[in-house]
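*Asks:* The structure under discussion is supplied below as structure tokens; questions concerning it will follow.
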Amino acid sequence: MLEPSGVPFDKSWNRIRSEFMEKIEDELDYLDNFHDKKPLKIRPDDYIKYYTLVYNMCVQKDSNYAELLYNRLGETLSEYIKTKMCIRLKATKSDESELKQILLTNWRKYKHYIHILTGIFAYLDRFYVPLAVQPTIYEYGMAIFQRLIFEPYKDFLKSVVLNALDSKRSGGVDNPSLDADITNIVEMFNKLDSTSGTQYKMELEPFILDRANGYYLKIAPLWISELSLGDYLHIVQHCMEEEKMYCEKYFNESTKEQLLATIISSLLFNQRIQLFNKFTQLFSLFMDNEVKELKRIYKPLSKLEGAHQSISEQLKRAIEESLTGIDSENKIQNIVKVFSKFKRLFVLIFM
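Okay, so the sequence shown: first residue is -14 according to the working numbering, each after it adds one.
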């Protein structure tokens, strides 16, 4: 087949491939485990040169190469992933720690590579993509990475996130590297998604909630048996703050409300009977006028069905105990003192 006059496709594509794309790929090969958002700096002259070449390939009167260029880019990205990423991943399947690092390094390199390519192929995004109703260059590139890399290892990456959260909940040592891993994996669930957010929503978030529920349901009975009511509720509050921090640090906004509700259910609602058995401890707190502790305890306990009645029973018991044995000589005065004490408790704690 004869090349049309003007800018020949093969010659022009080979220039883009050998002079620009392969150069970027070679430089990325030397950047193992980098964390910088922009590890490579492309000279403005190079951007202009290859953007202009793409532009000229797409606006020829006798031959518009836009579709051919778009398809060839996809084929080249697929080949790059298969030859530079997939082979190494298959060779390290038995070493989970190394596998995780290779996957995340590939992700950081690839998203930077796509960011660079969207610049020189911007003309395709502006004119070819809307007319042909095709994904943008960024979406196209991400879809290829999802198909060849993310899908085969999605369950593994999900387990990395869930296991890391279990470690944090169990008091594991703070690890900035692990924090970065979680952030990058969650980013993959969000950015490698052609379904407008359902991948994270359906394939990661439910597992985060389920793992948290399982962990707290298992640990709650042990805490209740070993701790006082006040100390247990202090632990509950601490867990809520920690989980809220995890949400704000790693996850989508939609996760926070659901995760906190899951924890309240696991640590309070599902432990209702065991907690009610400890309500007798409120008696001594009322007697000792422990306003601060009672106020802190009341807020979470008030969520439980039947809690108000049980709390009022302990308050009544404390009042009756305080009225027992009052000196008859100053009876009225002592009754007023008891009334004033418990009125103050009631106002400060319950209102």
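C-beta atoms are modelled at their ideal positions from N, C-alpha and C, and glycine is treated no differently.
#1: Determine, using beta-carbon pairs with one atom in the segment 35 to 52 and one in the segment 65 to 85, whether at least three such pairs fall under 8 Å.
#2: Per the contact definition of three or more C-beta pairs closer than 8 Å, is the segment 104 to 121 in contact with the segment 138 to 153?
#3: Check whether the Cβ atoms of Leu253 and Tyr201 lie closer than 7 Å to each other.
#4: In this structure, does DSSP put Glu(-12) in helix, strand or coil?
#5: Shortest alpha-carbon distance to Leu54 belongs to which of His100, Leu13, Tyr125?
#6: Given this structure, state the Cα-to-Cα distance separating Ile249 from Met225, to the nearest angstrom.
#7: Whole angstroms is fine: what's the gap from Glu83's alpha carbon to Phe236's?
#8: Which residues in the same chain as Tyr217 place their Cβ atom closer than 6 Å to its Cβ, once the five residues preceding and following it in sequence are excluded?
#9: Near Leu(-13), what residues of its chain come up, given a Cβ to Cβ distance below 7 Å and the 5 sequence neighbours on each side ignored?
#10: Going by the CB atoms, is the gap between Tyr95 and Phe130 shorter than 7 Å?
#11: When the Cα atoms are used, what is the spatial distance from Tyr421 to Tyr32?
#12: Could you tell me the alpha carbon to alpha carbon distance between Gly291 and Ala197, rounded to whole angstroms?
#13: With Gly156 as the anchor, note down where its alpha helix (DSSP H) starts and where it stops.
#14: Put Ser213 into one of helix, strand or coil per three-state DSSP.
#15: What separation, rounded to the nearest whole angstrom, lies between the Cα atoms of Gln299 and Leu245?
#16: Using 7 Å as the threshold, is the C-beta distance between Tyr138 and Leu88 below it?
#17: CA-CA distance, Asp178 and Met127?
#18: When you compare the CB positions of Tyr35 and Ile1, do they come within less than 7 Å of one another, or not?
#19: By Cβ distance, which residues of its chain are closer than 7 Å to Ala303, with the 5 residues on each side in sequence left out?
#20: What's the C-alpha gap between Pro(-11) and Ile101?
#21: Which whole runs of the beta strand (DSSP E) in the segment 67 to 100 are 3 residues long or more, in chain order?
*Replies:* Considering the structure as presented:
#1: Segments in contact, no.
#2: Contact fails: fewer than three Cβ-Cβ distances are below 8 Å.
#3: Here Leu253 is not near Tyr201, since their CB atoms are 7 Å or more apart.
#4: Any reading at Glu(-12) must be qualified, since the residue scores a pLDDT of 42, below 50, and its modelled position is unreliable; the value itself is stated next. It is coil, neither helix nor strand.
#5: Of His100, Leu13, Tyr125, the residue nearest in Cα terms is Tyr125.
#6: Distance from the CA atom of Ile249 to the CA atom of Met225, rounded to whole angstroms, is 8 Å.
#7: Roughly 24 Å between the two C-alpha positions.
#8: Cβ contact annotation for Tyr217 (same chain, cutoff 6 Å, sequence separation greater than five): Trp208, Ile209, in chain order.
#9: Residue placement at Leu(-13) is flagged as unreliable, the pLDDT there being 37, under the threshold of 50; the coordinate-derived value follows with that caveat. Excluding residues within five positions, none has a Cβ falling inside 7 Å.
#10: Yes; because the gap between Cβ atoms is below 7 Å, this pair is in contact.
#11: The structure shown has nothing for residue 421, since the chain only spans -14 to 336.
#12: Cα to Cα, Gly291 sits roughly 26 Å from Ala197.
#13: For Gly156, no alpha helix (DSSP H) run applies, since DSSP gives it neither H nor E.
#14: Looking at Ser213 - three-state DSSP - the assignment turns out to be coil, as it is neither helix nor strand.
#15: Rounded to the nearest angstrom, the two C-alpha atoms are 29 Å apart.
#16: Contact flag set, yes.
#17: Going by the C-alpha atoms only, they are around 8 Å apart.
#18: Yes; because the gap between Cβ atoms is below 7 Å, this pair is in contact.
#19: Leaving aside the five residues that flank Ala303 on each side, the residues in its chain whose CB is nearer than 7 Å to its CB run, in chain order, Phe268, Phe271, Met272.
#20: Since pLDDT at Pro(-11) reaches only 43, below the 50 mark, its modelled position is unreliable, and the value read off the structure follows with that caveat. Distance between the alpha carbons of Pro(-11) and Ile101: 29 Å.
#21: None, since the segment 67 to 100 contains no complete beta strand (DSSP E) of that length.
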